[in-house]
Amino acid sequence: MKNTIKVERARHDLSQAALAEKVNVSRQTIHSIEIGKFIPSSLLALKIAAVFGVAVEAIFTLEEQDWK
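Residues are numbered in the working numbering as their position in the sequence shown, beginning at 1, plus a constant of 415.
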């Protein structure tokens, strides 16, 4: 699954640590999501989208291999 968290963080001038604090996870969790090593729960994805004021689909998109 692709995501645009890094781009959204830049647009909102947020560090990984600041975003992590807002959604109550570790900075390492945000880093792992950004690089595609961790897929967030629905709840976490919704929290991240809410911080940026966008729909979940604006941040997270499925890739071809996600359908297999």
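Ideal Cβ positions, reconstructed from N, Cα and C, are used throughout, including at glycine.
In whole angstroms, what is the alpha-carbon distance linking I448 and P455?
-> Your numbering for residue 448 matches position 33 in the sequence shown. Your numbering for residue 455 matches position 40 in the sequence shown. The C-alpha of I448 lies about 7 Å from the C-alpha of P455.
Cβ pair I463, T419 closer than 8 Å | One-based indexing of the sequence shown puts residue 463 at position 48. One-based indexing of the sequence shown puts residue 419 at position 4. Contact: no.
Assign I450 to buried or exposed, taking buried as 16 or more other Cβ atoms, counted over all protein chains shown, within 10 Å of its Cβ.
-> Position 35 of the sequence shown, counted from the first residue, corresponds to residue 450. Under this definition I450 is an exposed residue.
In three-state terms, what does DSSP make of K417?
-> Counted from its first residue, the sequence shown places residue 417 at position 2. In this structure, K417 counts as strand in the three-state DSSP scheme.
Determine, using beta carbons only, whether F467 and H427 come nearer to each other than 8 Å.
-> Here residue 467 refers to the residue found at position 52 when the sequence shown is read from its first residue. Here residue 427 refers to the residue found at position 12 when the sequence shown is read from its first residue. In this structure, H427 lies closer than 8 Å to F467 by Cβ.
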